[in-house]
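To start, the structure under review is shown below, and the notes come after it.
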Amino acid sequence: MTISITPSANQRMRQFLAQTPSAAGVRFGVKRTGCSGFAYVVDLAERMSDDDQMFQIDGVPVIVDTKSMPLVEGTEIDFQRQGLNASFVFRNPNATGECGCGESFTVG
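Using the UniProt record's numbering, you'd call the opening residue of the sequence shown number 1 and step up by one each time.
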């Protein structure tokens, strides 16, 4: 599994994990939604499921379910602040298109 996180994403994920020490890690994956088909999910995982795999990425435990793995392979996760807004930003080589609002993506 080749997922990378930038230093700013690493810092933000560590802040989330520090606020919830009982969390198993940061869940990263996709769900079917939006006008293009898939949306990213980044959340704290309270526990791991049977179909999850954990990867240590720069010291951060990242949990990915098996259905999401082929869709997020090679993705770089960044965290950016723009004015009052702050969000994770994804650079996914598997995405072949995005919707106009940038909330969802398609794969070829």
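Ideal Cβ placement from N, Cα and C applies to all residues, glycine included.
- Message: How far does the alpha helix (DSSP H) with residue 47 in it extend, from its first residue to its last?
- Response: Counting along the chain, residue 47 falls outside any alpha helix (DSSP H), and DSSP gives it neither H nor E.
- Message: residue 84 and residue 38 - do their beta-carbons sit closer together than 8 Å?
- Response: No. Outside cutoff.
- Query: Between residue 31 and residue 21, what straight-line distance do the alpha-carbon atoms span, to the nearest angstrom?
  - Reply: 26 Å
- In chain order, what residues of the same chain have a beta carbon less than 7 Å from the beta carbon of residue 82, not counting five sequence neighbours either side? none
- Query: What does DSSP give as the partner residues of residue 72 in its beta bridges?
  - Reply: Per DSSP, none; premise fails for residue 72.
- Residue from 6, 86, 44 with nearest C-alpha to residue 29: 44
- Task: Taking residue 79 and residue 18 to be in contact with their CB atoms under 8 Å, please state how far apart those CB atoms are, rounded to whole angstroms.
- Result: Actually they are not in contact, since the Cβ atoms of residue 79 and residue 18 sit about 15 Å apart, beyond 8 Å.
- Going by the beta-carbon positions, is the gap between residue 58 and residue 5 smaller than 8 Å? yes
- Query: Closest by CA to residue 53, which one among 64, 60, 46?
  - Reply: 64
- Task: Determine the closest residue to residue 50 out of 67, 42, 14, 91, with distance taken between C-alpha atoms.
- Result: Nearest in C-alpha terms to residue 50, of all of 67, 42, 14, 91, is 67.
- Query: Is residue 76 closer than 8 Å to residue 94 when the C-beta atoms are compared?
  - Reply: no
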